[in-house]
Amino acid sequence: MSRVDEVRAELGEDNVNELMDAYYTSGLSLNDLRELYDLPKSFTDKKIVELFPMIELDDGCPLCGGALFAPRISRGIKDVSADSYYKDQVFCPNCGKTRQQAMRELEEFERKHRLRRAFSIEPKEFEWAKRNPDSLTSTVFEVLIEVRGGGGNTYLGPIADQPLLFGFIDACKALRGEGYIQPTAAFDKWLSGFEEEEDGFSFYWYKVPFAIKLKGYTAHERNPIIVEGDREYVALGQGEREYWLRTAKGLVLAYLDVQLDDACYEYEGPKREEFETLLDTMLLEYSPAQITSLIWNAMATAEKHAEEGPAYKRTGNWAMGVVLNRAKKALSEHWDLHPNFPSRTVEDTEFEWNFFDVHVPIGETWMYRSVPEVTGGCIEIKHAKMPKGADAATAAMIAKAREIAWRIGTGEPDYLSYDETDRFIKRYE
């Protein structure tokens, strides 16, 4: 029992009420009050006020409906009376929370309820056996499931990072439009990805989970690499090939953004749009690594122009023009472009790793190959053109090394190296 509790018990309820009335209305000093009611000399205004019973409010707790109380205020403030209290000190002894805390919790509870009601659409059932490899959206959905599938394939976890895939969000929007993925506010830990606005609700594509409904789901089997002489093929649908093309395009554009940002240029305009369109043609002849090498050299030239030339050359518009002109000239004159290492500047994500592990198991060497054409239902995988000093493992070698790694349960070799992959196969086969 505290000293305040002891004194309160000694005084009794009637004397405490009398003291409270005297404290607020009599005008007596603290010394007079202490002498009159035989209070300890150490009792200041704060201690004396603690003797008084809490004020019980007419309002109930917003959360539990229980009674609300507030401590009284020390005198010395204008117009303070026995019924005065601070609003931010109102609390509920049943909940152990202040009224403000209870109100915030209630508002959050109601907000969650509104969000869950707004984002509770049942997804359309997707029959796994009928997935279409010629459809880009179907391929994106398949990769989403394998990379972010959770809850027994009843939902996709938040994407969290931005895949290199060019037009990824557009593909996700198409899936939502078809009803196969629906943002769900069923999980507290991901509610921060949803927003309530004056005119409705919104969500962040990379921060929220999506409800899905799969029928007959089985993990996608890796397509084998087919070897005919010195040529290598893999069976891929048009949608899967489009995924490859868009991934390569995404890497090149991400690399371009890094180079422009490093040069402190901000540029979005017709030259950038024209370059994006041109990439669809360039990637059929050159690998992402070759095109990023062209970008690096073009940006170096643009920087030299900026240092030596007039002000208009010190702009993102000028730099983008140099890149675009180089790209056009390389295509028209069939330049022999030397590749660089784009992965050192632009990090790919597990979406890329999954696709090039499962659909066309050629490892990281996809960055050093041009995007293939479709030939008789199969895609010929063109040989990788590696940076100087690096020899590429063939797709067939990579596929064989992976089979061995799965069989013996060990880590996989570095697929960028022909020699290391070859040694791995000879050691364990």
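Going letter by letter, the sequence shown gives residues 124 to 552 in the working numbering.
Beta carbons are placed, not taken as given, at the ideal position from N, Cα and C, and that holds for glycine.
Predicted, not measured: the structure shown is a model, and the values here were computed from it.
Could you tell me how far apart the beta carbons of residue i and residue j are, in whole angstroms, since I believe they sit closer than 8 Å?
| i | j | result |
| --- | --- | --- |
| W313 | I282 | Rounded, the Cβ-Cβ distance is 11 Å, inconsistent with contact. |
| A522 | I348 | 4 Å |
| A334 | Y278 | 5 Å |
| F249 | K338 | 7 Å |
| S410 | M520 | Contact flag wrong, Cβ pair sits at about 18 Å. |
| G439 | Y388 | 3 Å |
| P510 | F464 | 6 Å |
| P495 | E503 | 5 Å |
| L238 | F324 | 7 Å |
| V568 | Q361 | Residue 568 is absent from the structure shown; the chain starts at 124 and stops at 552. |
| I178 | D206 | 6 Å |
| Q382 | I418 | 6 Å |
| Y208 | R195 | 6 Å |
When the Cα atoms are used, what is the spatial distance from residue i to residue j?
| i | j | result |
| --- | --- | --- |
| L159 | F192 | 29 Å |
| N217 | G188 | 9 Å |
| W441 | L374 | 22 Å |
| E473 | V270 | 7 Å |
| A528 | G534 | 6 Å |
| M443 | E426 | 11 Å |
| Q223 | K169 | 23 Å |
| R530 | D284 | 32 Å |
| A518 | E430 | 45 Å |
| G135 | V127 | 12 Å |
| L402 | K372 | 7 Å |
| Y551 | D545 | 10 Å |
| H428 | A412 | 24 Å |
| E320 | F326 | 10 Å |
| L153 | Y147 | 11 Å |
| N140 | I244 | 60 Å |
| S258 | Y366 | 9 Å |
| L162 | V130 | 8 Å |
| G532 | E526 | 10 Å |
| W458 | T262 | 33 Å |
| F317 | M405 | 39 Å |
| D137 | R227 | 38 Å |
| C184 | Q212 | 13 Å |
| F214 | L151 | 31 Å |
| E351 | G512 | 27 Å |
| Y303 | D471 | 26 Å |
| D505 | D322 | The question names Asp, but residue 505 in the sequence shown is Lys. Going by the C-alpha atoms only, they are around 52 Å apart. |
| A421 | L447 | 9 Å |
| F398 | L454 | 12 Å |
| D311 | G392 | 41 Å |
| M124 | L156 | 23 Å |
Taking C-beta to C-beta, are residue i and residue j nearer than 9 Å?
| i | j | result |
| --- | --- | --- |
| S416 | H461 | yes |
| A358 | C501 | yes |
| Y340 | W251 | yes |
| L174 | L142 | yes |
| P332 | G280 | yes |
| T424 | R395 | no |
| A297 | L288 | no |
| N113 | V445 | Here the chain has residues from 124 to 552 only, and residue 113 is not among them. |
| A377 | V469 | yes |
| E363 | P256 | yes |
| K220 | L186 | yes |
| K336 | S315 | no |
| F232 | T307 | no |
| I485 | Y541 | no |
| T400 | E475 | no |
| E230 | T260 | no |
Along the chain, where does the alpha helix (DSSP H) that runs through residue i open and close?
| i | result |
| --- | --- |
| C295 | F291 to E301 |
| E543 | Y541 to Y551 |
| I531 | A518 to I531 |
| E265 | L259 to R271 |
| F232 | R222 to A241 |
| E431 | P411 to E431 |
| F398 | P393 to E408 |
| D537 | Counting along the chain, D537 falls outside any alpha helix (DSSP H), and DSSP gives it neither H nor E. |
| D161 | That residue, D161, is in no alpha helix (DSSP H); it is neither H nor E in DSSP. |
| A145 | R126 to T148 |
Starting from residue i, follow the beta strand (DSSP E) in both directions and report where the run begins and ends.
| i | result |
| --- | --- |
| S325 | G323 to F326 |
| I502 | C501 to E503 |
| E250 | E248 to E250 |
| E319 | F317 to E320 |
Could you tell me which whole beta strand (DSSP E) segments of length 3 or greater appear in the stretch 328–385? Scanning the stretch 328–385 from its first residue to its last, the whole beta strand (DSSP E) runs of 3-plus residues come out as 336–338, 349–351 and 354–358.
Inside the stretch 171–210 only - beta strand (DSSP E) runs reaching at least 3 residues: Within the stretch 171–210, the complete beta strand (DSSP E) runs of at least 3 residues fall at 178–183 and 190–193.
Could you tell me which uninterrupted beta strand (DSSP E) segments, each at least 3 residues in length, are contained entirely in the stretch 449–505, listed from first to last along the chain? For the stretch 449–505, whole beta strand (DSSP E) runs of length 3 or above, ordered along the chain, are 501–503.
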